[in-house]
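J.: Residues in the sequence shown are numbered consecutively from 1, following UniProt numbering. Each residue gets a CB set at the ideal place from its N, CA and C atoms; glycine is no exception.
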Amino acid sequence: MTTIPRTAIYQAVLRQAFSNWGDASITLALDTTRLFQRWCVVCVSLTYRGRALPLAWQLLEHQSSVVSMEDIHPVLASVHSFLRHLPEVEEVYFRADRGFMDQKLMTLVTAYGWKWAIRGKGQVLVYDAQGKALGKVREQLSRHGSPVFLDDVYITADKYGPVSLAAYHAPGAREPWFVVSHHACGPGIFDEYAERFQIEAGFKDLKSAGFDLEASHFRDTTALNGLIFLLALAAVFLFSEGTSLKSEEQRRTVDSHRKRRLSCFQLGRRAILTRLARRLPILETLAIPSCPDPHPLETTRAPPR
């Protein structure tokens, strides 16, 4: 009997869900999350309406959330393979936290043609276009508290670049923000980078706010891999159901709050549970639309101001 690889199944479902996406841009977020203090999930997700939909992942028996480029590369390659099935997409944006500011990673996503912005580390060296040392990234902060934007600079002792750098320590903020990008930076770069936080909410849906993955008590890599695959597959259908609910102006049937606190994931979950209880049809369509959210979430994490 021939076994179809899980990746092939998942990408086939994604292609159906995104079949009408069109030329709208896509924003990707890379991050890791730990399970049972024993495993680490490396995941690249699509940031979508305040949450994140997994596109590819890898489960590692690894006690730290810090992973190598060798662990990240297969996940990025899988996403790149999927995006080739969406040829109309004009721009792909990539976001990652400072733990992923790696020269090999920046080189790879640049080769993919993605426009990336990665949170930088304050101790990294900066050089101008002539190779003159400008000091460390944290030394580029303005003494007057205003954002600083540097284009055509080079970073690290290897002088990787040219890149752009944004540095800002907002009044009252606990720590400064440094964002490194391979395209010109302006005031909007902090809002663009902040889209990355949606993957953290996506991990919460996976772990506690939706599927409660860790309640499974699985302690076997093969079993966990299978479960994560099924949960990711379910998430695609929940997102589809939730967005359908919003487009049909049926949100209030499952979310009675005046303030919009429920994501598409949560709306889809409630809608399916409600319809099952009433013995009504479910999952009649599978579509993730690219149109703007008619009812944006009001509880997204904000960048520095």
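Whole-angstrom Cβ separation of Val41 and Ala56, contact assumed at under 8 Å?
T.: With a Cβ gap of about 11 Å, Val41 and Ala56 do not count as contacting.
J.: Can you tell me which of Glu214, Gln266 and Phe229 puts its alpha carbon nearest to the alpha carbon of Leu245?
T.: When each option's Cα is compared against that of Leu245, the closest is Gln266.
J.: Starting from the Cα of Leu283, find the closest Cα among Cys291, Leu273 and Gln58 and give me that residue.
T.: If we check each option's Cα against that of Leu283, Leu273 comes out closest.
J.: Give the range of the alpha helix (DSSP H) segment to which Thr107 is assigned.
T.: Per DSSP, Thr107 belongs to the alpha helix (DSSP H) from Gln103 to Ala111.
J.: CB of Ser25 to nearest heavy atom of the ligand HEM: below 7 Å?
T.: As far as ligands go, the structure on display features none, and thus does not contain the ligand HEM.
J.: State the start and end residues of the unbroken alpha helix (DSSP H) segment that holds Pro74.
T.: Per DSSP, Pro74 belongs to the alpha helix (DSSP H) from Met69 to Leu83.
J.: Pop quiz: Lys115 and Glu91 are said to be a contact at Cβ under 8 Å. What is the actual Cβ separation, rounded to whole angstroms?
T.: The pair is a contact, with the Cβ atoms about 6 Å apart (cut-off 8 Å).
J.: Could you check if Gly50 is buried or exposed, using at least 16 other CB atoms within 10 Å of its CB as the buried criterion?
T.: Classification of Gly50: buried, given that the 10 Å Cβ count is 16 or more.
J.: Enumerated in chain order, which unbroken segments of the alpha helix (DSSP H) with a length of 4 residues or greater are wholly contained in the stretch 178-221?
T.: List check, alpha helix (DSSP H) in window: 189-194 and 198-204.
J.: Do Gly145 and His169 have their C-beta atoms closer together than 8 Å?
T.: Result yes, Cβ atoms of Gly145 and His169 sit closer than 8 Å.
J.: In three-state DSSP terms, what is Ala129?
T.: Ala129: coil per DSSP, three-state reduction.
J.: Per DSSP, which one or two residues make a beta bridge with Cys40?
T.: Per DSSP, Arg34 and Leu60.
J.: Could you check the C-alpha separation between Ala287 and His85 for me, to the nearest Å?
T.: In a straight line, the C-alpha of Ala287 is about 15 Å away from that of His85.
J.: CA-CA distance, Glu61 and Asp102?
T.: Approximately 22 Å, taken between the alpha carbons.
J.: Please determine, among Ser78, Pro176 and His73, the residue with the shortest C-alpha to C-alpha distance to Gln123.
T.: Comparing Cα positions, the closest option is Pro176.
J.: If I'm right that Asp152 touches Ala129 with Cβ under 8 Å, what's the distance once you round it to whole angstroms?
T.: Confirmed, Cβ separation roughly 5 Å.
J.: For Arg51, which three-state DSSP category applies?
T.: It is a strand residue.
J.: Have a look at Gly22, Ser68 and Gln16 and flag the residue whose alpha-carbon is nearest the alpha-carbon of Leu30.
T.: Out of Gly22, Ser68 and Gln16, Ser68 has the C-alpha closest to the C-alpha of Leu30.
J.: Where does Arg119 sit, in a helix, a strand or coil, going by DSSP?
T.: Arg119: strand per DSSP, three-state reduction.
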